[in-house]
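In the numbering used here, the protein residues as written are 1330 to 1399. The structure under discussion appears below in the form of structure tokens.
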């Protein structure tokens, strides 16, 4: 499946992530969009359950300057 970063950019409608993610937030994704990405990536992730997978994808979003709402 595609990289999580690519799926997050598509969900947030972005061309690229933030150059300074801790200062500049460039987009937002909802919890529902995050769950859809987790479902697509669950086979590729080394996580015990969906909650841990959700936290991994949310961390990727945070490192790109994307806020998870909800």
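Yeah, the Cβ is synthetic: ideal placement off N, Cα and C, and Gly gets one too.
Scanning 1350, 1341 and 1331 for the CA closest to the CA of residue 1394 turns up 1350.
Residue 1367: not part of any beta strand (DSSP E); member of the alpha helix (DSSP H) spanning 1360-1370, first to last residue. For residue 1397, the enclosing beta strand (DSSP E) has its first and last residue at 1395-1398.
Under the three-state reduction of DSSP, residue 1352 is assigned to coil, being neither helix nor strand. As the crow flies, the alpha-carbon of residue 1363 is around 10 angstroms from that of residue 1357.
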